[in-house]
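First comes the structure, then the notes that go with it.
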Amino acid sequence: MRVSLRDIQKMKRQGERIPMLTAYDYTSAQIAEAAGVPLLLVGDSLGSVVLGHDTFTAVTLDDILHHTRAVVRGARRALVVADLPFMTYQISPEQALANAGRLIQEGGAQAVKLEGGSAMAPTIRRVVGAGIPVMAHLGFTPQSVNQIGQRVQGKTAAAARTILEDALAVQQAGAFAVVLELVPAALASAVTERLKIPTIGIGAGAGCDGQVQV
1 MRVSLRDIQK MKRQGERIPM LTAYDYTSAQ IAEAAGVPLL LVGDSLGSVV
51 LGHDTFTAVT LDDILHHTRA VVRGARRALV VADLPFMTYQ ISPEQALANA
101 GRLIQEGGAQ AVKLEGGSAM APTIRRVVGA GIPVMAHLGF TPQSVNQIGQ
151 RVQGKTAAAA RTILEDALAV QQAGAFAVVL ELVPAALASA VTERLKIPTI
201 GIGAGAGCDG QVQV
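Take the sequence shown: its position 114, counted from the start at 1, is 114 in our numbering, and no numbers get skipped.
In structure tokens, the structure reads:
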């Protein structure tokens with residue numbers, strides 16, 4: 001039986017750490033599955049890791065669809081989350097819903113991930129309202145690297161407050177979990193304590209509910 005959102009949320013309630021791995025193909029999905037990893041991410045990091053692009057923003061929806069199909073074929077138990085690539089959800093909630101729907105219907109994913117906080121809350125609400133689970137992504141958001149640079153986010157009091165507010169906003173909008181990337185460990189721990197949904201850290205210290213390895 002495939003891991004469900006309820007299973008992931010139960011892990012947080014029980015204080016059980018949540019491991020998450022990226023997978024880009026059938027073989028990597030099978031390896032992760034054999035290790036018992038409950039969450040797999042088909043990330044737009046495949047742009048640089050697999051496809052040789054300089055940035056993640058070069059990844060297209062068709063790229064993600066292709067790799068998601070392969071991962072789903074290799075993972076019969078893990079919950080598979082597929083990234084919505086750059087400019088496939090930022091234009092409008094309806095655009096996001098249409099493309100998220102393709103990742104579920106054509107790709108076979110069980111959930112999608114998108115970047116952004118309060119500004120993306122209406123989009124998250126729209127997608128979740130249609131029955132598609134959404135994982136949010138805060139802190140350093142790779143699709144915005146040209147704007148914010150690749151550096152730790154939330155270092156000032158004001159920036160930390162914004163990240164906390166964003167986390168609460170995406171939770172209220174219906175996100176089932178949130179990735180915290182490149183934020184101070186103390187901030188990640190504070191956000192984790194405030195949220196009812198799981199936090200998945202990447203370069204955010206050991207205080208998150210889970211960790212994702214790219």
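Just so you know, even glycine gets a beta-carbon here, dropped at the ideal spot from N, CA and C.
Worksheet entry | Of the listed residues I163, G107, A130, nearest to A136 (C-alpha basis) | Looking only at I163, G107, A130, the smallest Cα-Cα distance to A136 is reached by I163.
Item to complete: Under 6 Å Cβ to Cβ from A204, same chain only, skipping five residues before and after it: list those, please.
Response: Correct list, in chain order: L180, V183, A188.
Worksheet item: Which residues bound the alpha helix (DSSP H) around P19?
Response: Careful: P19 lies outside any alpha helix (DSSP H), inside the beta strand (DSSP E) at 18-22.
Worksheet item: Enumerated in chain order, which unbroken segments of the alpha helix (DSSP H) with a length of 4 residues or greater are wholly contained in the segment 122-155?
Response: You should have 145-148.
Worksheet item: Where does E165 land, buried or exposed, given buried means 16+ other C-beta within 10 angstroms?
Response: The residue in question, E165, is exposed, as its Cβ has fewer than 16 Cβ neighbours within 10 Å.
Worksheet entry | Cα-Cα separation between Q30 and A109, rounded to whole angstroms | When rounded, the distance between both Cα atoms is 15 Å.
Worksheet item: Cα separation between V81 and I8?
Response: Taking the Cα positions, V81 is about 13 Å away from I8.
Discussion item. DSSP three-state label for A177, please.
Written reply: Correct three-state label for A177: strand.
Worksheet item: Across which residues does DSSP place G201 in a beta bridge pair?
Response: DSSP output for G201 lists L180, Q211 as bridge partner(s).
Worksheet item: Which term fits P122, buried or exposed, when burial requires 16 or more other beta carbons within 10 angstroms of its beta carbon?
Response: With fewer than 16 other Cβ atoms from the protein chains shown falling within 10 Å of its own Cβ, P122 counts as exposed.
Fill in: Reduced DSSP secondary structure (H/G/I, E/B, other) of L196
Checking the sequence, you will find Lys at residue 196 rather than Leu. Residue state, collapsed to three classes: coil.
Worksheet item: According to the neighbour-count rule (16 or more other Cβ atoms, all chains shown, within 10 Å of its Cβ), is L51 buried or exposed?
Response: A residue is called buried when at least 16 other Cβ atoms come within 10 angstroms of its Cβ; L51 does not meet this threshold and is exposed.
Worksheet item: I124: which of I148, V71, E94, T68 sits nearest, CA to CA?
Response: Comparing Cα positions, the closest option is E94.
Worksheet item: Are at least three pairs of beta-carbons, each pair with one atom in the segment 82-102 and one in the segment 56-72, less than 8 Å apart?
Response: Result yes; three or more Cβ-Cβ pairs closer than 8 Å.
Worksheet item: So A100 packs on E33, CB below 8 Å; how close in whole Å?
Response: Their Cβ separation, rounded to whole angstroms, is 24 Å, which puts A100 and E33 out of contact at 8 Å.
Item to complete: On a CA-only basis, which of Q147, A111, P142, F140 is nearest A130? Give me that one, please.
Response: Considering only alpha carbons, the answer is A111.
Worksheet item: How would you call A35, buried or exposed, if buried means at least 16 neighbouring beta carbons within 10 angstroms?
Response: With fewer than 16 other CB atoms across the displayed protein chains lying within 10 angstroms of its CB, A35 is exposed.
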